[in-house]
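In what follows, a structure is listed as structure tokens, so that the remarks can point back to it.
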Amino acid sequence: MSRGTDLFRKPMCLMSTTLFRLPNLHVDRLKISALSLAVVLLIGCSNSHDLELGEERISANETEDIANIIELLANELEHQYIEPKERVLRDTHPKSNGCVRGTFKGQTDLAKEFNYGVFKDAKEYPVWVRFSNSVEERTSDRDKDFRGFGLKLFNVAGERLLEPGDEQHTQDFLFLGHDAFFAKDAQQFFDFFDATFSGNRNWYLATHPLSLWNILQGAQNFGNQLDMNWFSVTPYRLGESNAEGFANTTVKYKLKSCNNTGRKFNEGSDGDEYLREVMEQQLKAGEGCFDFYVQKQLDPNKQLMEDARYAWKEKNSPFINVARITIPSQGLGSPEQQEFCENLSFNPWHGLEVHKPLGSVNRARRDVMKAISDFRLKNNGITRKEPTGLERF
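Going by the numbering used here, the first residue of the sequence shown is number 34, and it counts up by one from there.
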């Protein structure tokens, strides 16, 4: 059960109430039809006014919350895939909208504070990218949904994060097609899925208006995955820690298309698999590319560490271009390539200490993604094997 709604958790915040009439919308199997809600917008809020830059604050119940998430999702997968030979898919983002290879190259002449890890010295790395829909089942691309972008770099050297410890030469980055998350922290992540699986999602969203607002804003139809902006949503360390153990530099990430076609979603002609089809057509004729940006935490009371529901405003902290991802012309249809990508595991904790994930949602991801990946691969009879980035199909 939730320990309370997010309506009044921040009594020192300035609050304004606005009436919104929400359109018909399909979000994770939920129909919100002409629903009128008083959505409380929490403006300029923070959990505390004495935070330090790069400081994490871990709640007393977080370990329990994370264990509850793992148990909840594993139980749901066991009930969802009851046939012995039925393939177990990811708990979220199960539908791939294409998996492509490419390269990642850091920008030259970066400022010293950004010249760390995979951004350092303009090095180049091979990558695989997996595009996806986020809803728990494989659904039509025509349904409004969060979209996902999983990026895995290879041949990455340096001091690694100790957990999960199942890959030794990779660096993973995760992105969504919206700049804010539906859950504040591990507790709300559990509460949301607990409500969903018990048939109470409507009530949960009615009592967590900011979560609802972010879902409505993030669940969209996009014309072309290669045209989209992608956001990390959660913060990361970039570089070293100070004597107190706080990150010297904390950033969020953004990807912006550097070859935008301007294509829009076509309600009349786009089919159930249009996102893959559009990308396949573009990559037959040419390439796609994204510029990789970092956004620095400048004020810990405005750019929140432990609340993933709030985007960091660009007017307060501009984005800095640090790298480019290039996706060359290629095909997407090989069954062997699709099988390879199905067995990839993405976890932001696959990587270097200088890119350490921060905040409650990321700490939950560390353990939850590892546990669910192990469950999925084991039940599918797949032995975990670290990819190299050199795979060709």
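No residue lacks a Cβ here, since even glycine has one placed at the ideal position from N, Cα and C.
Nearest by alpha-carbon distance to alanine 252: which of Gly181, Gly131, Asn376, Glu386 is it?
The residue labelled residue 252 in the question sits at position 219 within the sequence shown. Considering only alpha carbons, the answer is Gly181.
Beta-carbon proximity of lysine 138 to arginine 357, cut-off 8 Å:
In the sequence shown, the residue the question calls residue 138 occupies position 105. In the sequence shown, the residue the question calls residue 357 occupies position 324. Yes, they are a contact pair.
Since glycine 183 sits in a beta bridge, which residues does DSSP pair it with?
As a first step, residue 183 is located in the sequence shown; it is residue number 150 there, counting from the start. Partner(s): Arg163, Leu207.
Using the Cα positions of leucine 365 and cysteine 291, report the straight-line distance between them to the nearest angstrom.
In the sequence shown, residue 365 corresponds to position 332, counting from 1. In the sequence shown, residue 291 corresponds to position 258, counting from 1. Their Cα atoms are separated by approximately 21 Å.
The region 291-305 contacting the region 223-240, beta-carbon criterion three pairs below 8 Å:
Short answer: they don't touch.
What are the boundary residues of the alpha helix (DSSP H) that cysteine 374 is part of?
Walking along the sequence shown from the start, residue 374 turns up at place 341. Residues 368-375.
So, for glutamine 140: in the same chain, excluding its five sequence neighbours on each side, which residues have a beta-carbon less than 8 Å away from its beta-carbon?
If you number the sequence shown from 1, residue 140 lands on position 107. These residues qualify, in order along the chain: Phe152, Ala155, Asn354, Val355, Ala356, Arg357.
Here's a check: name, in chain order, each residue in its chain whose Cβ is nearer than 6 Å to the Cβ of aspartate 340, leaving out the five neighbours to either side.
Position 307 of the sequence shown, counted from the start, is the residue given in the question as residue 340. Result list for aspartate 340: Lys217, in chain order.
Taking the beta carbon of serine 302 as the centre, do at least 16 other beta carbons fall within 10 Å, making it buried, or is it exposed?
Sequence index remark: in the sequence shown, residue 302 carries index 269 (1-based). Serine 302 is exposed by the Cβ-count criterion.
Limits of the unbroken alpha helix (DSSP H) element including tyrosine 237:
Counted from its first residue, the sequence shown places residue 237 at position 204. Taken as a continuous stretch (DSSP letters only), the alpha helix (DSSP H) holding tyrosine 237 covers 234-240.
Between the alpha carbons of glycine 319 and arginine 342, how many angstroms are there, rounded?
Indexing the sequence shown from 1 puts residue 319 at position 286. Indexing the sequence shown from 1 puts residue 342 at position 309. Straight-line Cα distance between these residues: approximately 36 Å.
Could you tell me the boundaries of the beta strand (DSSP E) in which proline 130 lies?
In the sequence shown, residue 130 corresponds to position 97, counting from 1. Position check: residue 130 holds asparagine in this sequence, whereas proline was assumed. 128-139 is the span of the beta strand (DSSP E), which, as asked, contains asparagine 130.
Would the beta-carbon of alanine 219 fall within 8 Å of that of alanine 397?
One-based indexing of the sequence shown puts residue 219 at position 186. One-based indexing of the sequence shown puts residue 397 at position 364. In contact: alanine 219 and alanine 397 (Cβ atoms closer than 8 Å).
Throw me the rounded Cβ distance for the serine 265 and phenylalanine 208 pair, which I believe falls under 8 Å.
Working through the sequence shown from its first residue, we reach residue 265 at position 232. Working through the sequence shown from its first residue, we reach residue 208 at position 175. That pair is a contact at about 6 Å.
Are alanine 280 and leucine 391 closer than 8 Å when you measure CB to CB?
For this step, residue 280 is matched to residue 247 along the sequence shown. For this step, residue 391 is matched to residue 358 along the sequence shown. Contact flag set, yes.
On the CB-based measure, 16 or more other CB atoms within 10 Å of its CB, does glutamine 370 come out buried or exposed?
Stepping through the sequence shown from its first residue, residue 370 is reached at position 337. By the neighbour-count rule (16 or more Cβ atoms within 10 Å), glutamine 370 is buried.
Leucine 249: which of Phe215, Thr229, Arg175 sits nearest, CA to CA?
As a working mapping, residue 249 is identified with position 216 in the sequence shown. When each option's Cα is compared against that of leucine 249, the closest is Phe215.
Among the candidates Gly422, Cys322, Thr125, whose CA atom is the shortest distance from the CA of phenylalanine 222?
Locating residue 222 in the sequence shown gives position 189, counting from the first residue. If we check each option's Cα against that of phenylalanine 222, Thr125 comes out closest.
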